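Residues 1 to 75 in the UniProt record's numbering are what the sequence shown spells out, letter by letter.
Heads up, the beta-carbon is just placed ideally off N, CA and C, and yes, glycines get one too.
Since we're looking at a predicted model, the values are computed, not measured.
Okay, so here's the structure we're looking at.
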Amino acid sequence: MAKVRGAVVVNQQRCKGCNLCVVSCPTQAISLHPDEMNDKGYHYCYMSDPEACIGCASCGMICPDGCITVYKVKL
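Structure representation (structure tokens):
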């Protein structure tokens with residue numbers, strides 16, 4: 001059986017840094033960017049640990065602004 005890994009794509013300009021995706025991630029693969037901000041002045045989320053992502057899509061479902069798209073990649 002093929003192993004599945006997730007790939008998260010974030011619309012950084014729409015993200016308002018609400019932190020809901022970070023809290024909902026069971027593997028702590030997502031974090032708020034500590035240094036960079038988007039044009040609105042928010043620290044946006046990003047995949048801080050891409051190897052840990054299991055593609056569960058919890059982050060995408062909980063995002064109130066629909067900024068996150070989750071893809072499942074077979075290895």
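query: DSSP state of M47, grouped into three classes?
result: Start at 1 with the first residue of the sequence shown, and residue 47 comes out as number 47. Here M47 sits in strand by DSSP.
message: Using C-beta distances below 8 Å, list every residue in its chain close to V73, excluding the 5 sequence neighbours before and after it, in chain order.
response: Counted from its first residue, the sequence shown places residue 73 at position 73. Closer than 8 Å at Cβ, skipping near neighbours: V4, R5, G6, A7 and G55.
query: Helix, strand or coil: how does DSSP classify A57 here?
result: Here the question's residue 57 lines up with position 57 in the sequence shown. Coil, per DSSP.
Bridge partner(s) assigned by DSSP for S24: Within the sequence shown, the letter at position 24 stands for residue 24. Beta-bridge pairing links S24 to no other residue.
message: Here's a check: name, in chain order, each residue in its chain whose Cβ is nearer than 7 Å to the Cβ of C67, leaving out the five neighbours to either side.
response: Position 67 of the sequence shown, counting from 1, holds the residue named residue 67. Contacts found: V10, N11, R14 and C15.
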